[in-house]
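Undergrad: In the working numbering, the protein residues as written are 62 to 262.
Don't be surprised by glycine CBs; every beta carbon is placed ideally from N, CA and C.
None of the values given here were measured: they were computed from a predicted structure.
1. Which whole runs of the alpha helix (DSSP H) in the stretch 77 to 108 are 4 residues long or more, in chain order?
2. Could you tell me which of 78, 253, 77 and 205 sits nearest to residue 143, measuring between CA atoms?
3. Excluding the 5 residues flanking residue 241 on each side, which residues of the same chain have their C-beta closer than 6 Å to its C-beta?
4. Where does the unbroken alpha helix (DSSP H) through residue 229 begin, and where does it stop?
5. Would you kindly report the start and end of the unbroken beta strand (DSSP E) that includes residue 239?
6. Whose CA, out of 157, 87 and 64, lies closest to the CA of residue 70?
7. Give a yes or no on whether the C-beta atoms belonging to residue 238 and residue 187 are separated by under 7 Å.
8. Locate the alpha helix (DSSP H) running through residue 256, then write down its first and last residues.
9. Go through the stretch 113 to 177 residue by residue and report every complete run of the beta strand (DSSP E) that reaches 3 residues or more, in order.
10. Of the residues 66, 75, 248 and 68, which one's Cα is nearest the Cα of residue 163?
11. Go ahead and label residue 110 buried or exposed: buried means 16 or more other beta carbons lie within 10 angstroms of its beta carbon, across all protein chains shown.
12. Could you check what DSSP says for residue 75 in three-state terms: helix, strand or coil?
13. Is the stretch 176 to 185 touching the stretch 141 to 159, taking contact as three or more C-beta pairs under 8 Å?
14. To which residues does DSSP link residue 208 through a beta bridge?
15. From what residue to what residue does the beta strand (DSSP E) around residue 223 run?
16. Using DSSP with H/G/I as helix, E/B as strand and the rest coil, what is residue 64?
17. Could you tell me which residues DSSP pairs with residue 192 in its beta bridges?
18. Name the DSSP beta bridge partners of residue 200, please?
Structure below.
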């Protein structure tokens, strides 16, 4: 109230939790639906803030980045995994998260694939006995050091003898990426640069 805002931008799940009537007194409410692409989010925000020209220019850069990914990331089998506090291991078998989706768009094959039952974020949660499903010759490990308990969970999994027997760790082909480091369209563009560097090295 003290900020006297003119507009509130909220994700749909926030509106569902609080109720639109709780947010409307703070200004015009712009709702960002759940489960849409970064490009769609950009479109909503561009309209809300009258920044359509800037958004269009950013989308051109994204298209160029996707073309670069297809041209410079060789098609190959890759595993993408994250270790959450617990520890809890998840392997990505499909989009929409930026890293697996960018790899798929570039022509790579995720191991395991989307035939594995997965959640709406393309993840399959694995027990320690099923770590061998992370069988890609290259592993992209999504880490978030700022998340409490996650570094310790990752260290615990990496100390497990089964981990060292997986193809990528055994061959020294594990690359860490910031799990929270590629938000939005700008993040997708940066991600392509990082993936090209990994796979051209």
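TA: On the basis of the data shown:
1. 81 to 84
2. 205
3. 205
4. 228 to 232
5. 235 to 239
6. 87
7. no
8. 245 to 261
9. 138 to 145 and 149 to 153
10. 248
11. exposed
12. helix
13. yes
14. Answer by DSSP bridge pairing: none, since residue 208 is not bridged.
15. Where residue 223 is concerned, there is no enclosing beta strand (DSSP E), although the alpha helix (DSSP H) it sits in stretches over 222 to 225.
16. coil
17. Per DSSP, none; premise fails for residue 192.
18. 140 and 235
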